[in-house]
Amino acid sequence: MASTTESMSRLLKLAHKFNCFYLSGLQKGDCRPFVVEGQQVGLVRPDVAAQLARFPEVFLVHSDVVELNPAFRDYNERSAKVDAVLRRFRTDGAFIALKGWREECYEVRAAFSKCPLLKMDRSATCLFGIRQYGVDINGYVLCPERGMCVWLQKRAASKQTWPGKLDNMVGGGLSVGFGILETALKEAAEEASIPRSILDQKLTPAGSVSFFFESERGLFPNTEFVYDLELPLDFVPNNSDGEVESFELLPAKEALDKIFAPDFKTTSCPVVLDFLIRHGFVSPDSGLETHLECILK
1 MASTTESMSR LLKLAHKFNC FYLSGLQKGD CRPFVVEGQQ VGLVRPDVAA QLARFPEVFL
61 VHSDVVELNP AFRDYNERSA KVDAVLRRFR TDGAFIALKG WREECYEVRA AFSKCPLLKM
121 DRSATCLFGI RQYGVDINGY VLCPERGMCV WLQKRAASKQ TWPGKLDNMV GGGLSVGFGI
181 LETALKEAAE EASIPRSILD QKLTPAGSVS FFFESERGLF PNTEFVYDLE LPLDFVPNNS
241 DGEVESFELL PAKEALDKIF APDFKTTSCP VVLDFLIRHG FVSPDSGLET HLECILK
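As numbered in UniProt numbering, residues 1 to 297 make up the sequence shown, in order.
Laid out in structure tokens, this is it:
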């Protein structure tokens, strides 16, 4: 019983790390909806709203809502107007998040099934609490001696976010113009040099994981589309885009311990945890499934 209680405690502490907006609510009550074309697409914190109010021709900042000027006619005009403000913020050093400017854009939409309303640099989406969509691949091996083993990566020290942290084997955001499977194939090739022949045979869709992280940089509602990938025993991933320092193959139970450590990328924890739950390495005994429901909200 004690071990189960201890496991629940560790999982709930982990949940408060990666789902902290829901579970801790640091500024939850102070955020205002961000509305575009009558649709809520995000949330704006008070510090961001104060800066947006400097540009009333672009953003209409009210006490209960922040709205993109409805006079903007289409996707391209909205994107251009917002981009001009964001570049001004970047020049002024207004937000730490924009130090990670990528010249890589994400779509902004009310839901994944909805048409995009505009695009913005991925580094800025957290200022507006816009849901980011990404793809993660759980790479694993069935070892005769050690059982199921999981590949993890160590992010390069030069990464703009989470440098040097442990991470899932392969992951990447859905940039403008790329679909889910297309992103998975691209990231698998770039991050781990996985042959297309293996991907075509073994890449298996495994649902999605959603969470809402908050940090000093901003608000990060995330949905990650997940794939599982059984790899050959003799395959060793090799990075080709300079974003990964190294890879490590660990028994599943050791991988579970790793996600509780401070050197693991917080926003990748739920994907690895989901994988380990689905493969029976986190027990649902003694009501633990009730707590997991909260963790993977």
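Note that the Cβ used here is the ideal one computed from N, Cα and C, for glycine as well.
Using a Cβ distance threshold of 8 Å, Glu230 and Tyr133 do not count as a contacting pair. DSSP, reduced to helix, strand and coil, places Ala206 within a strand of the structure shown. Of all alpha-carbon atoms in Glu182, Asp121, Trp101, Lys258, the one lying nearest the alpha-carbon of Leu249 is that of Lys258. Ile277: not part of any beta strand (DSSP E); member of the alpha helix (DSSP H) spanning 269 to 278, first to last residue. Listed in chain order, the beta strand (DSSP E) runs fully inside the segment 51 to 110 are 59 to 61, 66 to 68, 105 to 108, counting runs of at least 3 residues. Of the other Cβ atoms in all chains shown, 16 or more fall within 10 Å of the Cβ of Glu214; this residue is therefore buried. One thing to note: Pro163 has its Cβ no nearer than 8 Å to the Cβ of Phe211.
Taking the Cα positions, Arg32 is about 7 Å away from Arg45. Cβ contact annotation for Val36 (same chain, cutoff 6 Å, sequence separation greater than five): Leu68, Leu117, in chain order. Selection Phe112, Met120, Val65, Val66 evaluated against Val85 yields Met120 as nearest (Cα-Cα). Pairing Cys126 with Gly218 gives a Cβ-Cβ distance under 8 Å. Per DSSP, Asp257 is one residue of the alpha helix (DSSP H) stretching across 252 to 258. Uninterrupted beta strand (DSSP E) stretches at least 3 residues long and entirely within the UniProt domain "Nudix hydrolase" (132 to 274) occur at 132 to 143, 147 to 155, 166 to 168, 170 to 173, 203 to 215, 218 to 230, 244 to 251, given in chain order. Going by DSSP, Lys119 is part of the beta strand (DSSP E) stretching over 118 to 121.
Minimum Cα-Cα distance from Gly38 among the listed residues Trp151, Val66, Phe247 corresponds to Val66. For Arg102 against Pro221, the beta-carbon gap comes to about 19 Å, at or over 8 Å, which does not count as contact. Using a Cβ distance threshold of 8 Å, Ser175 and Glu104 count as a contacting pair. With a cutoff of 8 Å on beta-carbon distance, Tyr227 and Ala255 are scored as not near each other. In this structure, the beta-carbon distance from Gly42 to Phe34 falls below 8 Å. Each residue's CA atom was taken as its position, placing Arg109 and Thr183 some 18 Å apart. Using a Cβ distance threshold of 8 Å, Gly171 and Glu190 do not count as a contacting pair.
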